[in-house]
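Enquirer:
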Amino acid sequence: MTGTAQKVWFITGASRGFGRLTAQQALQRGDLVVATARDPHSVTAALGEHANLLALRLDVRLEAQAISAAQQAVARFGRIDVLVNNAGYGLLGAVEEASADEVRAVYETNVFGLLNVSRAVLPVMRRQGSGHVMNISSVGGYSSYAGWGVYGSTKFAVEGLSEAMAMELAPLGIQVTVVEPGFFRTDFLDTTSLVATRERIDAYADTVGKMRDFAADANHAQPGDPLKLADALLQLADAAQAPVRLQLGSDTVARVRAKNAAVEKEMTDWLELALSTDFSQA
Ligand code: NAP
Numbered sequence: 001m002t003g004t005a006q007k008v009w010f011i012t013g014a015s016r017g018f019g020r021l022t023a024q025q026a027l028q029r030g031d032l033v034v035a036t037a038r039d040p041h042s043v044t045a046a047l048g049e050h051a052n053l054l055a056l057r058l059d060v061r062l063e064a065q066a067i068s069a070a071q072q073a074v075a076r077f078g079r080i081d082v083l084v085n086n087a088g089y090g091l092l093g094a095v096e097e098a099s100a101d102e103v104r105a106v107y108e109t110n111v112f113g114l115l116n117v118s119r120a121v122l123p124v125m126r127r128q129g130s131g132h133v134m135n136i137s138s139v140g141g142y143s144s145y146a147g148w149g150v151y152g153s154t155k156f157a158v159e160g161l162s163e164a165m166a167m168e169l170a171p172l173g174i175q176v177t178v179v180e181p182g183f184f185r186t187d188f189l190d191t192t193s194l195v196a197t198r199e200r201i202d203a204y205a206d207t208v209g210k211m212r213d214f215a216a217d218a219n220h221a222q223p224g225d226p227l228k229l230a231d232a233l234l235q236l237a238d239a240a241q242a243p244v245r246l247q248l249g250s251d252t253v254a255r256v257r258a259k260n261a262a263v264e265k266e267m268t269d270w271l272e273l274a275l276s277t278d279f280s281q282a
């Protein structure tokens, strides 16, 4: 799959934010779009009825719905070229504050949901011998922040899965890219999307408390333009040789550079001990 030939997109979480805008931009350039959402009417309400649009019900936590959606996509458009594993939400709170149920719930969507959809769509791409999987991670999936540890860990999981998928699927003609957006102006920080841990522990006031204030202040004032992110995904879909990681946003680029430098420095500082644990050569 190279160049700008008409593509078939399969997008999760297309009711709002990145998913909806990516569906909208893909339709606008003449591509075919399977836009999935927990409530498919939210997709048609936002994008209207369109000959190139198939709006389907898909709560990514439900594997049977993922399988059914993939079958309906192929029945309608014959193939799936680009899978955007986008559905997800944030959990804000200290690692200790997050209850077992809150942790499990965010993994159900952000990690197990992505796996459900991947298992449903990859057989289609393998049969084709082509395709591009875009897994939406986060800057927090590369470098963690106080207050975002559990959410970040779901995205670290997405990063690890994506690296392995890239290696496993490249020989089968399928590209995999993990996308790391910084802070973008969607509903992500809104109470309609972001879950706050029920528990708040005073001892974290100076760290996580400050992050809670930041998130409230930054809501709908984030630096990233989600329409430009959607257009970036369209460009990514056209790449003959896509990257394994794509950082999006100046905040992400700065954070990734800082982490890479910090890891390199710490490893150099501790290199003697790090290299001391192999068996001695006979
Ligand atoms: P958003 O505006 O809150 O949209 C989130 C979308 O995910 C909604 O369409 C929502 O559907 C859907 N969703 C949530 N749980 C779902 C489930 N179980 N099954 C199907 N769909 C589900 O946020 P967004 O910014 O576009 O977020 C999209 C992705 O980008 C997420 O994976 C997020 O973690 C990631 N991200 C966002 C940012 C940012 O700053 N915006 C930064 C880094 C990463 P409903 O309408 O049904 O709730």
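According to full-length UniProt numbering, numbering within the sequence shown proceeds without interruption in unit steps and concludes at 282.
Every residue gets a Cβ at the ideal spot worked out from N, C-alpha and C, and that includes glycine.
All values derive from a computational prediction rather than experimental measurement.
Output the boundary residues of the alpha helix (DSSP H) element that contains Glu63.
Expert: As a working note, residue 63 is residue 63 in the sequence shown. If you look at Glu63, you'll find it in the alpha helix (DSSP H) that goes Glu63 to Phe77.
Enquirer: Provide the residue span of the alpha helix (DSSP H) that contains Ala23, from first to last.
Expert: Walking along the sequence shown from the start, residue 23 turns up at place 23. It spans Gly17 to Gln28 - the alpha helix (DSSP H) in which Ala23 sits, taken as one unbroken run.
Enquirer: Examine the Cβ distances between the segment 12 to 22 and the segment 37 to 47 and report whether three or more of them are shorter than 8 Å.
Expert: yes
Enquirer: Below 8 Å on the Cβ atoms is my guess for Ser137 versus Lys155; work out the distance and round it to an integer in Å.
Expert: For the purposes of this step, residue 137 is identified with residue 137 of the sequence shown, where counting begins at 1. For the purposes of this step, residue 155 is identified with residue 155 of the sequence shown, where counting begins at 1. Confirmed, about 4 Å.
Enquirer: Out of Ala66, Ala146 and Met125, which has the shortest C-alpha to C-alpha gap to Ile174?
Expert: Here residue 174 is taken as the residue at index 174 of the sequence shown, counted from 1. The candidate whose alpha carbon is nearest that of Ile174 is Met125.
Enquirer: Could you tell me which residues DSSP puts in a beta bridge with His132?
Expert: Here the question's residue 132 lines up with position 132 in the sequence shown. Answer is Val82 and Gln175, bridged to His132.
Enquirer: Between the C-alpha atoms of Ala239 and Leu273, what's the straight-line distance to the nearest angstrom?
Expert: Position 239 of the sequence shown, counting from 1, holds the residue named residue 239. Position 273 of the sequence shown, counting from 1, holds the residue named residue 273. Approximately 42 Å, taken between the alpha carbons.
Enquirer: Could you pull out every unbroken beta strand (DSSP E) segment of at least 3 residues lying fully inside the segment 91 to 164, listed in chain order?
Expert: 131 to 136
Enquirer: Three or more beta-carbon pairs under 8 Å between the segment 202 to 219 and the segment 240 to 257, yes or no?
Expert: No: the two stretches stay apart, fewer than three of their Cβ pairs being nearer than 8 Å.
Enquirer: Would Gly90 be called buried (16 or more neighbouring beta carbons within 10 Å of its own) or exposed?
Expert: Here residue 90 is taken as the residue at index 90 of the sequence shown, counted from 1. Under this definition Gly90 is a buried residue.
Enquirer: In whole angstroms, give me the CA-to-CA distance for Val139 and Ala282.
Expert: The residue labelled residue 139 in the question sits at position 139 within the sequence shown. The residue labelled residue 282 in the question sits at position 282 within the sequence shown. The straight-line gap from Cα to Cα measures roughly 45 Å.
Enquirer: Considering Phe10, what are the terminal residues of the beta strand (DSSP E) in which it resides?
Expert: Within the sequence shown, residue 10 is the residue found at index 10, counting from 1. Segment Val8 to Ile11, the beta strand (DSSP E) holding Phe10.
Enquirer: For Thr36, name the three-state secondary structure that DSSP assigns.
Expert: Within the sequence shown, the letter at position 36 stands for residue 36. Three-state result, Thr36: strand.
Enquirer: Mind checking who Phe184 pairs with in its DSSP beta bridge?
Expert: Residue mapping note: residue 184 aligns to position 184 of the sequence shown, counting from 1. Paired residues: Gly224.
Enquirer: If you measure from the CB of Gly149, is any heavy atom of the ligand NAP nearer than 8 Å?
Expert: As a first step, residue 149 must be located in the sequence shown, where it is residue number 149. No.
Enquirer: With a cut-off of 8 Å on the beta carbons, I'd call Gly19 and Asn116 a contact; round off their distance for me.
Expert: Start at 1 with the first residue of the sequence shown, and residue 19 comes out as number 19. Start at 1 with the first residue of the sequence shown, and residue 116 comes out as number 116. Wrong, their Cβ atoms sit about 16 Å apart, outside the cutoff.
Enquirer: Closer than 8 Å to a non-hydrogen atom of the ligand NAP - does that hold for the CB of Ile67?
Expert: Here residue 67 is taken as the residue at index 67 of the sequence shown, counted from 1. Flag unset: Cβ of Ile67 not near the ligand NAP.
Enquirer: Please list, in chain order, all residues of the same chain as Arg38 whose beta carbon is under 8 Å from its beta carbon, the five residues on each side excluded.
Expert: As a position in the sequence shown, residue 38 is number 38, starting the count at 1. Non-local beta-carbon contacts of Arg38 in its own chain, meaning distances under 8 Å to residues more than five positions away in sequence, involve Ser15, Arg57, Leu58 and Asp59 in chain order.
Enquirer: Count the other C-beta atoms from every protein chain shown that fall within 10 angstroms of the C-beta of Asp31, then say buried if there are 16 or more, exposed otherwise.
Expert: Locating residue 31 in the sequence shown gives position 31, where the first residue counts as 1. Looking at its Cβ environment, which holds 16 or more other Cβ atoms inside 10 Å, Asp31 is buried.
Enquirer: Looking at Ile80 and the ligand NAP, is the gap between the Cβ and the nearest heavy atom below 8 Å?
Expert: For the purposes of this step, residue 80 is identified with residue 80 of the sequence shown, where counting begins at 1. Because no heavy atom of the ligand NAP lies under 8 Å away, the Cβ of Ile80 does not count as near it: no.
Enquirer: Quick check on this structure: which residue in Val121, Val106, Leu92 and Asp81 has the alpha carbon closest to the alpha carbon of Ala66?
Expert: By 1-based counting over the sequence shown, the position of residue 66 is 66. Nearest of Val121, Val106, Leu92 and Asp81 to Ala66, Cα basis: Val121.
Enquirer: With a Cβ-Cβ cutoff of 9 Å, do Val133 and Ser153 count as a contact?
Expert: Here residue 133 is taken as the residue at index 133 of the sequence shown, counted from 1. Here residue 153 is taken as the residue at index 153 of the sequence shown, counted from 1. For Val133 and Ser153, no; Cβs fall outside 9 Å.
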